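Counted from 1, the sequence shown has number 254 at position 255 by numbering that gives the first Met the number 0; the numbering is strictly sequential.
Every residue, glycine too, gets a C-beta built ideally from N, C-alpha and C.
Since we're looking at a predicted model, the values are computed, not measured.
Here is the structure we will look at.
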Amino acid sequence: MENQNLTPSAVVKPFFSRTATILRRIVFFGCVIAVNVAAGLWLADLFWRMNYQNAHIPLLAIFILLNGLLVLGSFHAIFGAFDILRGHKRAAKITTLAEGKTGPLQMRHAVVMPVYNEDSVKVCARIEAIYRSIKATGCIESFDFFILSDTRDLDLWVMEETSWTNLCRRLDAFGRIYYRRRKTNENRKAGNIGDFVRTWGGGYESMLVLDADSLMDGADIVKMTRVMESYPRLGILQTPPKLIRGTSIFTRLQQFAMRLYGPLFIRGLNFWQLSGGSYWGHNALIRLKPFSEFCELPALPGREPFGGRILSHDFVEAALMVAQGWEVWLAWDIEGTYEEAPPTLVDHLIRDRRWCQGNLQHMWLIFARKLPFSVRMHLFMGIMAYLGSPLWFLFLLLGTWVAWDRLTSNLSRLPFESYVDRWFHIGGIGQSLILTGVIFALLFLPKILAVSGAIAVPKVRRSFGGFFPIIIGSIMETIVSMLLAPCIMAAHTMMVVSIIFGRAVGWGNQNRETDGTSWGDALRFHAFPTILGIAWSWLALSISFTFAAWMSPILLGLILSAPVSVLTSRSRYGKELLKRKILATPEELDIPAVIQLADEAKAAVDPALDASVEARRGVIAAVVDPYVNGVHVSLLEHSELSEADEALAERCL
0 MENQNLTPSA
10 VVKPFFSRTA
20 TILRRIVFFG
30 CVIAVNVAAG
40 LWLADLFWRM
50 NYQNAHIPLL
60 AIFILLNGLL
70 VLGSFHAIFG
80 AFDILRGHKR
90 AAKITTLAEG
100 KTGPLQMRHA
110 VVMPVYNEDS
120 VKVCARIEAI
130 YRSIKATGCI
140 ESFDFFILSD
150 TRDLDLWVME
160 ETSWTNLCRR
170 LDAFGRIYYR
180 RRKTNENRKA
190 GNIGDFVRTW
200 GGGYESMLVL
210 DADSLMDGAD
220 IVKMTRVMES
230 YPRLGILQTP
240 PKLIRGTSIF
250 TRLQQFAMRL
260 YGPLFIRGLN
270 FWQLSGGSYW
280 GHNALIRLKP
290 FSEFCELPAL
300 PGREPFGGRI
310 LSHDFVEAAL
320 MVAQGWEVWL
330 AWDIEGTYEE
340 APPTLVDHLI
350 RDRRWCQGNL
360 QHMWLIFARK
370 LPFSVRMHLF
380 MGIMAYLGSP
390 LWFLFLLLGT
400 WVAWDRLTSN
410 LSRLPFESYV
420 DRWFHIGGIG
430 QSLILTGVIF
440 ALLFLPKILA
450 VSGAIAVPKV
460 RRSFGGFFPI
470 IIGSIMETIV
480 SMLLAPCIMA
490 AHTMMVVSII
500 FGRAVGWGNQ
510 NRETDGTSWG
520 DALRFHAFPT
530 ILGIAWSWLA
540 LSISFTFAAW
550 MSPILLGLIL
560 SAPVSVLTSR
570 SRYGKELLKR
580 KILATPEELD
590 IPAVIQLADE
600 AKAAVDPALD
610 ASVEARRGVI
620 AAVVDPYVNG
630 VHVSLLEHSE
640 LSEADEALAE
650 RCL
C-alpha cells in the first residue's frame with residue numbers, strides 16, 4: 000500500500016483510449032441534442048401558428064428541458080440495444096482484465112457493510128452467504144469482513160452483538176469477521192465508511208461496500224478484485240444490482256422493470272461514460288488509497304437542506320476520484336449482485352425525500368472548476384431526477400392556464416404562416432399529432448426494444464417465464480407506472496418545495512418489510528395529490544371536455560393515488576402473480592446459489608440464542624441471559640472510553 004502510485008495516468012496504458020471515448024460521447028450526445036432541438040423547433044413553430052402568448056415562452060423552455068431528459072433516457076436504451084447487438088467481444092467490458100486469471104489473490108481486500116438499526120439476523124445471514132460463497136472460490140484468505148454499526152436503538156445494538164458472535168461461531172471466523180459500533184454516528188453513512196478507512200483502510204488494497212440489504216456472489220467478488228489488482232488506474236468498480244425478494248405488487252413491478260428494461264439502459268450508459276462512471280453507494284469495489292487521499296467530503300456552505308454535510312455522498316466521491324485522474328467503471332456484466340427495494344410506494348417516497356435533498360445539494364458542485372464532462376452529466380442527471388417533477392408540474396399548470404385564457408378571451412386569434420407547413424403541408428392538428436407521436440415513441444421505444452429482445456432470445460424468454468408472462472407483465476407494468484407517475488410527480492414537487500423553504504430531512508430507519516399500507520395511512524400520505532386531482536379535474540372540465548380528456552391520464556393518477564398505493568402494497572396479490580409467473584424475474588424462477596445460501600443461513604439461526612434476544616428485547620436479555628450478557632460486556636471491555644466517559648465513570652464509582 001505504501002508504494003502505490005497516486006498518479007494513475009503514469010502507471011499503465013488506459014483500458015479505453017481517450018480518443019475513442021470522446022468520439023463515443025460526440026455521437027451519443029450529438030444524437031440527443033439533434034432530436035431535442037428538432038422537437039423544440041417543431042413546438043416553437045406550432046406555438047407560432049397558434050399566436051405566441053407570454054406563457055408560451057416558459058412552456059417552450061420547460062419542454063426543451065423535459066424532452067431532453069426523455070430523449071436522453073430513450074437514447075440510452077437505443078445505444079444499449081445497439082451495443083448488445085454488436086456482441087460482448089466488441090463491447091467496452093472492463094472485466095475482460097480478469098479473464099484467464101486464476102490462483103490466489105495478490106492483495107488483501109475488505110468487505111464492509113454499514114448498518115443502522117437493521118435486523119441483525121438478516122444482516123448476518125447475508126454476510127454468511129457472501130462469506131461461504133467467497134470461500135467456495137478458494138480465496139477467502141484474502142478477505143476480511145466488517146459490520147460497521149451506527150445503530151442507536153439499544154435493543155438492536157445488543158442483538159447485533161449476539162448475532163455477530165453467533166455468526167463467527169458458526170463459521171469459525173473470529174479474526175475474519177469484525178463488528179464495530181461507533182459511539183456517535185457523525186456524518187451518517189459517509190462518516191461510518193470514513194471512520195473505517197481512517198482506522199483500518201491502510202491494511203487493504205480495496206473495500207467492497209455493501210448496503211444492509213446487499214448480496215453478492217463470491218465468484219463475482221473475486222473477479223472484481225482481480226480486475227482491481229490487474230489495473231492500477233481503476234479507482235471504483237461499480238456493479239448494477241438486481242432487485243430481489245419483492246413480494247408486494249409495487250416491488251414486483253420494480254423488480255420486473257429493472258430486470259427486463261435495465262440491461263438496455265445500463266449498456267447505453269456504459270457506452271458513453273466508460274472510465275468516467277459514477278458510484279451508487281453500494282455493491283461497488285473501491286481502491287482505498289486514492290479514496291482516503293482524495294474523497295474526504297467537504298461541508299457545503301450554509302445550513303441544511305442545501306448546505307452542511309453532503310447527503311448523496313456517493314456521486315461526489317466518484318466525482319472527486321475521476322477529477323484526480325482515477326477511473327470509475329461500471330461492470331455491467333457482473334450478474335451476481337443484488338439488493339432489495341422499499342416494499343411500498345409510501346416507503347419509496349420516504350426514501351426519495353432523503354435522496355432528493357442530497358441530489359439538490361449537488362447544484363453547488365455541478366459548476367465547480369476542473370470537473371470532467373462525465374462527472375457534470377452524472378450530477379445533472381441526479382439533480383433532474385427530482386427537479387424534473389416540479390418542472391413537469393409547472394408545464395401542466397401553464398398549459399392549463401393557456402387553455403383557460405383561450406376560453407375566456409374574446410380576442411380573435413389570427414393564424415400565422417407556419418414554416419413546417421411550407422414543407423410538409425400539414426395543419427395545426429396534424430403538427431400537434433406528429434409531436435405527440437414522437438413523444439410517445441420516445442416513451443415506449445425502450446420498453447418495446449427490451450420486450451422484443453427478451454422474446455427473441457429463447458434462453459432469456461424462458462428465464463422470465465415465457466412469451467405470455469413477458470407480454471402480460473410489461474403491459475401491467477406500463478399501466479401501473481402511468482398511474483403512479485402523477486402521484487410521484489406531486490410528491491417530488493412537494494419535496495423540492497419543502498427543501499426550498501429550508502426543511503431538512505433526518506436520518507430515519509429504512510422500512511424493508513411491511514404488511515402493506517393501510518387505507519388511513521394512504522389517505523393521509525396522498526391527501527395532496529388526491530385533492531389536487533379532484534380540483535384540477537373540475538377546472539379541466541370547465542375549460543372543455545377535450546382538454547379534460549387530454550389531461551385524464553395525469554388527473555386519474557392523482558385522484559387514484561391512495562387506492563393504487565394501497566393495492567400495490569399488498570403482498571398476497573404479488574404472491575398470486577408470481578404463482579402464474581406474472582412479473583417474475585429470472586432470480587425467482589431459478590434462484591442463484593448465493594440467495595439460497597442467505598435463506599439457509601437465516602433458517603439455520605439457533606433459536607435459543609438469536610430468537611431469545613428478539614423475544615426478550617436486547618437490553619433485557621443482556622441483563623438476564625448470561626450468554627448475551629457475556630458477549631455485551633466483553634465487547635464493552637474492548638471498546639475505548641473517551642476522557643469524558645472515563646471521568647463520568649470515576650464520578651459514578
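I need the boundaries of the beta strand (DSSP E) containing residue i, first residue and last residue.
i: L329; result: 326-329
i: S148; result: 142-148
i: R180; result: 176-180
i: L207; result: 205-208
i: R286; result: 283-286
The alpha helix (DSSP H) spanning residue i covers which residue range?
i: D420; result: 418-423
i: V196; result: 187-199
i: T407; result: 372-407
i: E339; result: Unbroken run through E339: none, as it is neither H nor E.
i: I333; result: It is not in any alpha helix (DSSP H) - I333 carries neither H nor E in the DSSP assignment.
i: A128; result: 119-134
i: M320; result: 312-322
i: L299; result: Where L299 is concerned, there is no enclosing alpha helix (DSSP H), given that its DSSP letter is neither H nor E.
i: H75; result: 55-85
Can you look up residue i in the DSSP assignment and give me helix, strand or coil?
i: L559; result: coil
i: V456; result: coil
i: H108; result: strand
i: A610; result: In this prediction, A610 has a pLDDT of 47, which is less than 50 and means its spatial position is unreliable; what the coordinates show is noted afterwards. Here A610 sits in helix by DSSP.
i: F15; result: coil
i: I243; result: coil
i: I428; result: helix
i: P113; result: strand
i: L233; result: strand
i: V479; result: helix
i: A90; result: coil
i: L214; result: strand
Please report how far the alpha carbon of residue i lies from the alpha carbon of residue j, in whole angstroms.
i: A19; j: G301; result: 41 Å
i: V196; j: F290; result: 8 Å
i: K12; j: G245; result: 43 Å
i: P371; j: V459; result: 37 Å
i: V450; j: I581; result: 14 Å
i: D420; j: W47; result: 12 Å
i: S536; j: N53; result: 24 Å
i: L444; j: A561; result: 29 Å
i: P573; j: I469; result: Rather than Pro, the amino acid found at residue 573 in this sequence is Gly. The alpha-carbon atoms of G573 and I469 are separated by roughly 16 Å.
i: W328; j: G519; result: 45 Å
i: L40; j: Y418; result: 10 Å
i: V456; j: G436; result: 29 Å
i: R17; j: G276; result: 14 Å
i: L442; j: L559; result: 22 Å
i: S73; j: A91; result: 20 Å
i: A211; j: S568; result: 22 Å
i: I542; j: F314; result: 45 Å
i: L634; j: D149; result: 15 Å
Considering only the alpha carbon of each residue, which of the options lies closest to residue i?
i: T658; options: L522, L71, L147; result: Absent from the model: residue 658. The displayed extent of the chain is 0 to 652, so no value can be given.
i: N269; options: L64, I553, F81, G519; result: F81
i: G335; options: G29, E185, K241, I126; result: K241
i: D143; options: I499, W199, W518, T407; result: W199
i: R232; options: E295, M158, G324; result: G324
i: Q254; options: A603, T584, A602, I590; result: T584
i: S517; options: Y115, M215, S570; result: S570
i: L656; options: L395, R251, R579; result: Within the shown structure, residues of the chain are numbered from 0 to 652, placing residue 656 beyond reach of any answer.
i: D332; options: E140, A38, L236, I133; result: L236
i: C486; options: L22, I25, P389, Q595; result: P389
i: M227; options: V604, L207, I56, P239; result: L207
i: T164; options: Y178, L153, R151; result: Y178
i: S551; options: G532, S564, G79; result: G532
What does the Cβ neighbour count give for residue i, buried or exposed, with the cut at 16 atoms within 10 Å?
i: I428; result: exposed
i: A528; result: For the sequence presented, residue 528 should be read as Pro rather than Ala. P528 comes out buried.
i: L432; result: exposed
i: L344; result: buried
i: M106; result: exposed
i: F467; result: exposed
i: T545; result: exposed
I'd like to confirm something about residue i: is its beta-carbon nearer than 7 Å to some heavy atom of the ligand MG, or not?
i: V36; result: The ligand content of the structure shown is nil, which means the ligand MG is not present either.
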